[in-house]
């Protein structure tokens, strides 16, 4: 986690306080090199003096002048139509003073959030990091890193700035988001703006609005079980207030989420928690943007029970099953069982981009590994059906492994074979079948894929018979 950024916070806050003495004031998300979402209506907002007239002109529509007189709140906001991808453009905001925003691109804007695997930069060491840095000259890729800070109340301002993608700026930006954004940029030939708002070691509860936690007895109960740590706040809403709320309503195409490691201790509530987070963010923005989840990677250090990490992974699968316009990126084949921070960020970013390319941009490519769908009981066999199995299923390096059946008392290893687009599991070793699961260990190392080469998610299903 880049603690050095946190040490800069007092200086940045002082700068913010000083600039608030000016007339027209903009949030830092509106600055040189920014990207606005294409072909839609975007909001541009800020503050001024009471009863000050504020005017905006945009160079993609030079004949149009937006004008508003502030009231006692001093807040102003304009809804502005954006064209198709292009630029660079200029935005001019005029009140008693004038602000000009230069080098504005119109394209695709994505938000990334979570904990350390989201904020992990090439400088922290990733696979092929130096080689990737050397070729990271993409002037139409733009980065905005939200500087981390926490507060108990929702804030108006956040701290950060837009920068153009160069080898130097890429090296200190989220690796996952860079590889995601590069893929979108290259495949769609559009500018891409990437906003990273993440904090290493943070539990999901800190990214959820306080009223949402307070209004749900189980979420509140789960939040109360979190253990205080030195590296992250654990109180609900502390990071939502400072690192998400000030971004709203900046128009985004969608969100990327890589988090869950810090919720392994209260894993049973994670589906409810993450679902609440998604719904609350969408409600705050006012539309159901795409939300793609990187499943946490298997790791041996999640706890003595050897399943808490798998429970989080399965809860993430259930979120995608239940919440519309979401996707799950499984990384069980590219993790590191001895390191909670897998260094292969290239493939995680590309797999997240595959979801977006297919769902948001209509590109016909494989985008998901097998996801459990349903079961059938046939005598002493259990037939498992999967989504994303149309091209066929495969076991890499031998027979399928890590399938288990439950007899009501214990989980037992089970033989499983691929039959076309289904998996057939032997159940004759138990008198009464009570459950089936796959890949359900902290340090799981499964070999179950579809023919597109994408791994299957773990799952656990109890059977009532």
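In my numbering, the protein residues as written are 3 to 467.
Every residue, glycine too, gets a C-beta built ideally from N, C-alpha and C.
In the three-state scheme derived from DSSP, where H, G and I count as helix and E and B as strand, residue 181 is classed as helix. Separation of the CB atoms of residue 291 and residue 320 is rounded to 20 Å, and the pair is thereby denied contact status at 8 Å.
The C-beta separation of residue 167 from residue 141 comes to about 7 Å, placing the pair in contact by the 8 Å criterion. Residue 347 and residue 450 have their C-alpha atoms some 21 Å from each other. If you check the CB distance, residue 331 and residue 350 come in under 8 Å.
In this chain, the alpha helix (DSSP H) harbouring residue 276 covers 272-287.
Under the three-state reduction of DSSP, residue 396 is assigned to strand. Residue 206 is positioned such that its CB atom lies closer than 8 Å to that of residue 265. The C-beta separation of residue 97 from residue 56 comes to about 5 Å, placing the pair in contact by the 8 Å criterion. In this structure, the CA atom of residue 415 is about 27 Å from the CA atom of residue 271. By the Cβ criterion, the region 180-187 is in contact with the region 351-360, since at least three pairs of Cβ atoms, one from each stretch, lie closer than 8 Å. Between the region 322-342 and the region 297-304, the count of C-beta pairs closer than 8 Å reaches three or more; the two stretches touch.
The DSSP assignment places 373-380, 383-389, 395-397, 405-408 and 413-415 as complete runs of the beta strand (DSSP E) inside the region 337-417, in order along the chain (cut-off: 3 residues). Contact annotation, residue 310 with residue 226: C-beta distance approximately 18 Å; criterion of less than 8 Å not satisfied.
The Cβ atoms of residue 35 and residue 85 lie no closer than 8 Å to each other.
In this structure, the beta-carbon distance from residue 201 to residue 160 does not fall below 8 Å. Collapsing the DSSP output to three states places residue 155 in coil. With fewer than 16 other Cβ atoms inside 10 Å of its own Cβ, residue 382 counts as exposed.
In this model, residue 129 and residue 430 are separated by some 45 Å (Cα to Cα). When the five nearest sequence neighbours on each side are left out, the beta carbons in the same chain lying within less than 7 Å of the beta carbon of residue 282 are those of 210, 211 and 214, in order along the chain. Beta-bridge partners assigned by DSSP to residue 452: 395. Rounded to whole angstroms, the gap between the alpha carbons of residue 238 and residue 68 is 39 Å. When the Cα atoms are used, residue 232 and residue 400 turn out to be separated by approximately 45 Å. DSSP places residue 318 in no beta strand (DSSP E) but in the uninterrupted alpha helix (DSSP H) bounded by 310-324. The continuous stretches of alpha helix (DSSP H) do not include residue 304, and DSSP gives it neither H nor E. Under the DSSP definition of a beta bridge, residue 186 lacks any partner. Residue pairing by DSSP leaves residue 62 without any beta bridge partner.
Going by DSSP, residue 131 is part of the alpha helix (DSSP H) stretching over 131-136. Here DSSP, grouped into helix, strand and coil, assigns residue 208 to helix.
Between residue 446 and residue 334, the alpha-carbon positions lie close to 8 Å from each other. Comparing alpha carbon positions, the residue from 222, 94 and 81 closest to residue 46 is 81. Taking all protein chains shown into account, residue 462 has 16 or more neighbouring C-beta atoms within 10 Å of its C-beta and is therefore buried. Secondary structure at residue 225: helix, using DSSP grouped into helix, strand and coil. Residue 224 and residue 268 have their C-alpha atoms spaced approximately 7 Å apart. When DSSP reads this structure, residue 81 sits in a beta bridge with 45. Residue 52 carries a coil assignment under DSSP once its states are collapsed to helix, strand and coil.
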